[in-house]
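Colleague: Before we start, here is the structure in question, set down as structure tokens.
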Amino acid sequence: MGLLDNLKAKLAPAKEKVGDLAQKNEGRIAEGLDKVAKAVDSKTHGKYSDRITSGKGKAQDALGKIAHKDAGGPTPPGGPTPPGGPTTPGGPTTPPTAPTPPPGGPTPPPAS
């Protein structure tokens, strides 16, 4: 066995334990992430709010992946918030694109 194989074999039990602990304490960990994000945002006077929110979202996504690795499915409702924040109806949309012409047909005018 190579060095990496030895390390993986030795760390496997720790990885399982971390997953179990994350699953049992997911709510408390998420609350802690929220609390820390608010404290850091307060200390920086909102200057890095977008980066803090992004980092918190990524940490919550990672927590969800660790905690629900055995389930193999998506994170259950009430889990981590997406990095861009929660989605709401009527939120931002992408602008429409120009229609694709049928093969051999005329080309539509460029969108302005």
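Heads up, the sequence shown is in full-length UniProt numbering, so the first residue is 1 and it goes up one at a time.
Built from N, CA and C at the ideal position, the CB exists for glycine as well.
Predicted model, so just to flag it, every value in this text is computed and none were measured.
(1) From leucine 4 to valine 18, what does the alpha carbon distance come to, in whole angstroms?
(2) What first and last residue would you give for the alpha helix (DSSP H) that runs through threonine 53?
(3) Are there three or more Cβ pairs, one per stretch, closer than 8 Å when the region 34 to 47 is compared with the region 9 to 25?
(4) If we count the other Cβ atoms within 10 Å of its Cβ and call it buried at 16 or more, is lysine 56 buried or exposed?
(5) Between isoleucine 66 and glutamine 23, what straight-line distance do the alpha-carbon atoms span, to the nearest angstrom?
Modeller: This is what the structure gives:
(1) 20 Å
(2) 49 to 67
(3) no
(4) buried
(5) 8 Å
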